[in-house]
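All residue numbers for the sequence shown refer to our numbering, where the first residue is 1198 and numbers rise by one.
Data block below; observations after.
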Amino acid sequence: MEILTKRAVLAAAVCVAGCAQLGPGVGTSGGDRTATIQRTAYGVAHIVAPDLETLAYGMAYAYAQDNVCMSADHLVTVRGERSRYFGDTAMGAFGLRRLGNAHIDLFVAATVDDAELARQAAAASPAARALERGYVAGYNRFLADHQGAATGRSLPAACRGQPWVQPMTAADFRRDGRLFAALLGGTGAFAEGLLGARPPEAGKAAATPAPVIDVAQAADWMRQAGLFDAPNLGVGSNAWAFGRSTTAGGRGMLLGNPHYSWTGVHRFWQVHLTVPGLMDVMGASIGSFPLVAIGFNKDVAWSHTTSPGTRLTLHELALVPGDPTSYLVDGRPEKMVARQISHMVKAADGTVATQSQTVWRTRWGPVVVNPRAGLTWTPQRAYALQDAMAADHQRAYDGYLELARATSVQDVRQALRWLPTTFNSTIAADRAGEVLYVDSSTVPDVDAALLDRCKPSAAAAALRAGAGLVVLDGSRADCQWRQDALSARPGLIPLERLPQVQRQDWVQNANDSHVFTHPAVRLQGLSPLHGDDRIRSVRTGAALVQIPELVARGPVTLPGIQQQLFANRNHIAELVLPDLLVACSGPGVPSDDARAGCAALRGWDGRSNAESRGAHIFREFWREARTVPDRYRVAPDMARPQSTPVGLNLARPDVAAKLWAALEVAVKRSRAAGIALDAPLGSLQRAVFSDLPIPLHGGEPNEGVLNYVIDRTTTAQMASRGLPAVGYRIEHGTSYVQTVGFDDRGPVAHGLLTYGQSTNPDSPHATDQLRVYSAKQWPRLPFHADEVSRDRIGDVLRLTRP
1198 MEILTKRAVL AAAVCVAGCA QLGPGVGTSG GDRTATIQRT AYGVAHIVAP DLETLAYGMA
1258 YAYAQDNVCM SADHLVTVRG ERSRYFGDTA MGAFGLRRLG NAHIDLFVAA TVDDAELARQ
1318 AAAASPAARA LERGYVAGYN RFLADHQGAA TGRSLPAACR GQPWVQPMTA ADFRRDGRLF
1378 AALLGGTGAF AEGLLGARPP EAGKAAATPA PVIDVAQAAD WMRQAGLFDA PNLGVGSNAW
1438 AFGRSTTAGG RGMLLGNPHY SWTGVHRFWQ VHLTVPGLMD VMGASIGSFP LVAIGFNKDV
1498 AWSHTTSPGT RLTLHELALV PGDPTSYLVD GRPEKMVARQ ISHMVKAADG TVATQSQTVW
1558 RTRWGPVVVN PRAGLTWTPQ RAYALQDAMA ADHQRAYDGY LELARATSVQ DVRQALRWLP
1618 TTFNSTIAAD RAGEVLYVDS STVPDVDAAL LDRCKPSAAA AALRAGAGLV VLDGSRADCQ
1678 WRQDALSARP GLIPLERLPQ VQRQDWVQNA NDSHVFTHPA VRLQGLSPLH GDDRIRSVRT
1738 GAALVQIPEL VARGPVTLPG IQQQLFANRN HIAELVLPDL LVACSGPGVP SDDARAGCAA
1798 LRGWDGRSNA ESRGAHIFRE FWREARTVPD RYRVAPDMAR PQSTPVGLNL ARPDVAAKLW
1858 AALEVAVKRS RAAGIALDAP LGSLQRAVFS DLPIPLHGGE PNEGVLNYVI DRTTTAQMAS
1918 RGLPAVGYRI EHGTSYVQTV GFDDRGPVAH GLLTYGQSTN PDSPHATDQL RVYSAKQWPR
1978 LPFHADEVSR DRIGDVLRLT RP
């Protein structure tokens, strides 16, 4: 009842400003239904509409102008029809990784319940329902305008005439929201395990020895899924907020630097959304999300980073002897629920057949396995997954509407209550000079006492520290997540108990826990599931060094922030390269390859700029050296993250031998690829989607370069394939980047979208911002109506919805 009451209050609040002038501000019958779309430099869309439904209508149309083929392909995914159109053995995008089409389709079938999503939509706020109606209709309007000879227009070549290009339905829109949370939250990491979970064979001996849980294998699996030490896999962001005690002018300033995919539906897209009297917000959205996800309005600016918090728990089940599909809870048996799922598969001859399988569910969630880690379904034991992201995502629309309308960081904080499915921390600044950090991610309400009371077997309990995987005793009903009346959703940690800091100097986050928000802050009494005091992101150390340096130079300015980010300082090199160069000058250099590596590193400027020569030698060296035990001369000390680690432990012969071997590997890789040891980094870094010779700056996350770009494929395959002759094909990293300050009129914003607005290679906006990024330019983002009018390119498009 409390949650319903809050939702009703929010729905009323969303309408307050718009109702007086616009009638119901969410969109109803009657009145003006026209969305006006203008474009400014680099194809940034500015959409003005009289209500939210019309706004979403215009937004969907404008997004399709830039990305219709990508969207149509993604809709095949959310419908679970990839095998039907592309075959079951082909690979498709699955969150931030790739998976076989059969697995994708079956995961969708196992995860999505259209009837439940429809019930959630019916109970959603008027604003959320209006956004859904408008977005679906706007996308379909674009298809209707560009299909068929009568229109005189056609779709881009990549999807023109393809049978899989179909209108969007309301069910598709809801599925997309549900799958976004599943793929980037938790359940998606267990896709193969969910689909591979089958009861042990009948008649299998009850005394079959249980497999040994392998913590190292579990950790590797969790890393690959982005759920453990995620920043080391290229999942993350930087966000800095400066308050009135540090900034020129005494107002807040924000750096938002999300690191995200350069390909696929999870690319950002720049947009400015206005409903007069209701909201006026600019920034970036993602996929078919009908609002600004990261951005600013006239009073506040915000960004997100990936939180290290836990989104899910496993529950260790004690099975009923002789019945492996029943389990005990408080000594009483409960039967698992079997559900048959199916998908359609296209054969080589073009025929389509239906394939089916069974998945199993418990009170805690689906049964999952991971044989590699020893998490299997035996006659005695099984594991069920409870995912905090598997929730009603409809309220996220209400939360982002409130963010769009916020006038202070206090408003930002309150809006975060309505983000029930998020993996993000939030950093914000306002015109008054206040700054805010909140780990606003979705985290199960599990405290230290519950962890202690609900320990599973000793082997499973070791997974929390060793692999970031929390396992609870599934044989006790009181081991459910805690229920707090303040929570927006039962079982989650409420806003009041989330890690949060509000200050007037600065706060930052680079994907590590709240512990490193500011050196003067130590939060107490928080759930262990919010993260520990271990630095996982090298960029955290870089930020804790560079922010105080920036502040010490005098009042912080937007150009100063921009220069700091694109200075491309290699933090790890600053820590260890001096020791290596000293050793390079001594008698202990063991080989010609090592001497050649030393020469290349002497000529390197220690940065990851496009013109930096020899940067790739250090990168390849550190890819190997970072795994050497006891590599640092002074080990990392979490009490002194700004000043440790230090140097290389070259005084120990065994460590020195491994470090020299790492340098030799770097040289061999470069030579095998035909790449000069002193090649400029920009000659090696290109966007994965373009062959244009646009040199890219930026470094890898493990190097501690704030502005990071990464070739995830090369990184994953390096050990077996070496450095490819094409160098690094960048597919992830700095994406939408913004610096925002405020003057008396409102926001002063600069930013760019590194890869451009459009995935259509024939669009002028497919690669135009790559050149802007390459040149380290920061275009001014036009926000006020006169600025938009002055900077407009092309014709104004007016769309009237039915």
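We put the beta carbon where it would ideally sit given N, CA and C, even for glycine.
Please read these numbers as outputs of a predicted model, since none were measured by experiment.
Residue environment, residue i, which counts as buried when at least 16 other CB atoms sit within 10 Å
i	result
Lys1543	buried
Val1549	exposed
Met1365	buried
Ala1922	exposed
Asp1983	exposed
Ser1539	exposed
Glu1631	buried
Ala1209	Residue confidence is low: Ala1209 scores 36 on pLDDT, short of 50, so the model does not pin down where it sits. Its coordinate-derived value is still stated next. By the neighbour-count rule (16 or more Cβ atoms within 10 Å), Ala1209 is not buried but exposed.
Glu1398	exposed
His1512	buried
Arg1464	buried
Ser2012	Because the chain is modelled from 1198 through 1999, residue 2012 falls outside the range shown and cannot be assessed.
Euclidean distance between Cα positions of residue i and residue j
i	j	result
Pro1687	Lys1652	22 angstroms
Glu1693	Trp1615	13 angstroms
Thr1460	Pro1716	36 angstroms
Ser1710	Tyr1905	20 angstroms
Val1362	Phe1339	12 angstroms
Ala1299	Arg1736	37 angstroms
Ala1149	Phe1815	Any question about residue 1149 goes unanswered here, given that the chain covers just 1198 to 1999.
Ala1242	Asp1992	12 angstroms
Gly1345	Gln1262	17 angstroms
Gly1449	Asp1285	51 angstroms
Val1409	Asp1642	29 angstroms
Leu1296	Gly1289	6 angstroms
Pro1979	Ala1413	50 angstroms
Phe1377	Val1462	10 angstroms
Trp1437	Trp1703	7 angstroms
Trp1975	Leu1889	21 angstroms
Ala1770	Ala1836	21 angstroms
Val1825	Val1779	19 angstroms
Pro1833	Asp1411	27 angstroms
Thr1502	Asn1621	5 angstroms
Gln1680	Phe1304	29 angstroms
Leu1452	Asp1589	31 angstroms
Residue range of the unbroken beta strand (DSSP E) whose run includes residue i
i	result
Phe1493	Ile1491 to Phe1493
His1557	Per the sequence shown, residue 1557 should be read as Trp rather than His. Run containing Trp1557: Val1549 to Arg1558, per the beta strand (DSSP E) assignment.
Ser1971	First-last for Ser1971: Asp1965 to Ser1971, but that is the alpha helix (DSSP H), not the beta strand (DSSP E).
Pro1308	Residue identity differs from the one stated: residue 1308 is Thr in this sequence, not Pro. No beta strand (DSSP E) contains Thr1308, which is instead part of the alpha helix (DSSP H) from Asn1298 to Thr1308.
Asp1670	Val1668 to Asp1670
Leu1511	Leu1509 to Val1517
Met1288	Met1288 to Phe1291
Leu1623	Leu is not the amino acid found at residue 1623; the sequence shown has Thr there. Start and end: Asn1621 to Asp1627.
Ser1458	Met1450 to Ser1458
Met1541	Val1534 to Lys1543
Thr1503	Val1497 to Thr1503
Asp1520	Asp1520 to Val1526
Asp1992	Ile1990 to Thr1997
Phe1439	Gly1433 to Phe1439
Bounding residues of the alpha helix (DSSP H) (the contiguous stretch that carries residue i)
i	result
Ala1601	Arg1592 to Arg1602
Tyr1336	Pro1323 to His1343
Ala1318	Asp1311 to Ala1320
Phe1465	First-last for Phe1465: Phe1465 to Val1472, but that is the beta strand (DSSP E), not the alpha helix (DSSP H).
Trp1418	Val1412 to Gln1421
Presumed contact (8 angstroms Cβ cut-off) between residue i and residue j, rounded CB distance
i	j	result
Glu1900	Ser1805	7 angstroms
Ala1318	Val1566	Actually they do not touch by this definition, with Cβ atoms about 33 angstroms apart.
Gln1954	Gly1240	4 angstroms
Met1256	Leu1572	With a Cβ gap of about 42 angstroms, Met1256 and Leu1572 do not count as contacting.
Cutoff 8 angstroms: residue i Cβ touching any chain D Cβ
i	result
Ala1859	In summary, chain D is missing from the structure at hand, where a single protein chain is found.
Hey, which unbroken runs of the alpha helix (DSSP H) at 4 residues or more fall wholly within the segment 1841-1915?
1850-1869
Entirely enclosed alpha helix (DSSP H) segments - the segment 1723-1807, minimum 4 residues
1735-1749, 1755-1763, 1768-1781 and 1789-1799
Of all the alpha helix (DSSP H) runs that stay within the bounds of the segment 1359-1383, which reach a length of 4 or more residues?
1367-1382
What are the complete beta strand (DSSP E) segments, minimum 3 residues, inside the segment 1683-1730?
1697-1700 and 1703-1706
Alpha helix (DSSP H) runs wholly inside the segment 1238-1294, at least 4 long, in chain order
1249-1275 and 1279-1283
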